[in-house]
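Before any comments, here is the structure.
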Amino acid sequence: MNDNEQHLELVDVLLCDDVRRETDGRFSLMGIHPGRAIATAQLPTVLSQLAFVLRFRGSLPEDDTLHVSIEAPDEHQTRSVQGRPLPGAGTGGETLFVILAAPLQISMEGNYTLEGLIGDYAFAREFTVSRTALD
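Here the sequence shown is numbered in the numbering used here, starting from 121 and rising by one per residue.
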């Protein structure tokens with residue numbers, strides 16, 4: 121790696137219900153879960169909508185396929201899901217990926233871990249699932 125290349129770094133992960141591409145090329149995030157926390161009225165449940173938006177800084181590897189899986193508090197791991205960079209989203213040394221994770225079976229409260237690999241760069245980020253009472 122020369123001095124002009126940057127190491128790959130995961131800068132941010134957002135959880136939302138859906139990501140939509142607008143006609144002008146922009147992306148709209150629907151139903152953002154603040155603080156990487158998902159609240160649900162019942163458990164177990166199946167989340168019919170869930171997307172992860174991952175923002176990376178630095179140079180992507182030649183094989184820029186992203187592989188992610190989710191580990192539950194009981195260490196049960198979901199199947200691996202693949203993602204590729206969003207077209208036109210790699211500007212200013214940053215690249216966006218969207219992972220559509222639904223449908224996702226959620227069986228318990230606690231800290232879940234989004235685990236990923238792109239090239240030889242591995243990362244993990246936690247998010248929380250909690251049960252909330254209906255109002």
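Quick reminder that beta carbons are idealized off the backbone N, C-alpha and C, glycines included.
Take residue i and list the residues in its own chain whose beta-carbon comes closer than 6 Å to its own, dropping the five residues that flank it on each side.
i	result
Leu174	Val133, Phe217
Ser168	Ala222, Pro223
Ile158	Val249
Looking at the strands, I want to know which residues DSSP matches up with residue i.
i	result
Leu237	His187, Ala242
Ser179	Answer is none; Ser179 lacks a bridge partner.
Gln162	For Gln162, which the question treats as bridged, DSSP gives no partner whatsoever.
Ala171	Cys136, Leu220
Thr248	Ala157, Asn231
Rank the options by C-alpha distance to the C-alpha of residue i and give the top, closest one.
i	options	result
Ile152	Val139, Ala253, Thr233, Pro223	Val139
Gln202	Glu214, Thr215, Leu220	Leu220
Leu186	Ala253, Cys136, Thr252, Leu130	Leu130
Ala330	Arg141, Gly213, Phe176	Since the first and last residues shown for the chain are 121 and 255, residue 330 lies out of range.
Ala171	Ser189, Pro181, Gln197	Ser189
Gly236	Ser200, Gly213, Thr215	Ser200
Helix, strand or coil, according to DSSP, for residue i in the structure here?
i	result
Arg140	strand
Gly230	strand
Pro193	coil
Asn198	Here the sequence assigns Thr to residue 198, which means Asn is not the residue at that position. Correct three-state label for Thr198: coil.
Leu206	coil
Leu128	coil
What residues in its chain sit with their C-beta under 8 Å from that of residue i, if we drop five residues either side in the sequence?
i	result
Met228	Leu163, Pro164, Ala192, Pro193, Asp194, Val249
Thr160	Leu167, Ile226, Val249, Ser250, Arg251, Thr252
Glu246	Arg156, Asn231, Tyr232, Thr233, Leu234
Leu128	Phe176, Arg177, Gly178, Ser179, Leu180, Pro181, Ile238, Gly239, Tyr241
Might you give, ordered along the chain, the residues of its own chain that have their beta carbon closer than 7 Å to the beta carbon of residue i, omitting 5 neighbours on each side?
i	result
Asp184	Arg204, Pro205, Ile238
Met150	Cys136, Asp137, Asp138, Arg140
Glu125	Because Glu125 carries a pLDDT of 48, less than 50, the predicted location of this residue cannot be relied on, and the following value inherits that uncertainty. Counting only Cβ-Cβ distances below 7 Å, and skipping sequence neighbours, we find Ser179.
*Evaluate the contact criterion for the segment 230-241 versus the segment 191-199: three or more CB pairs, one atom per stretch, below 8 Å.*
yes
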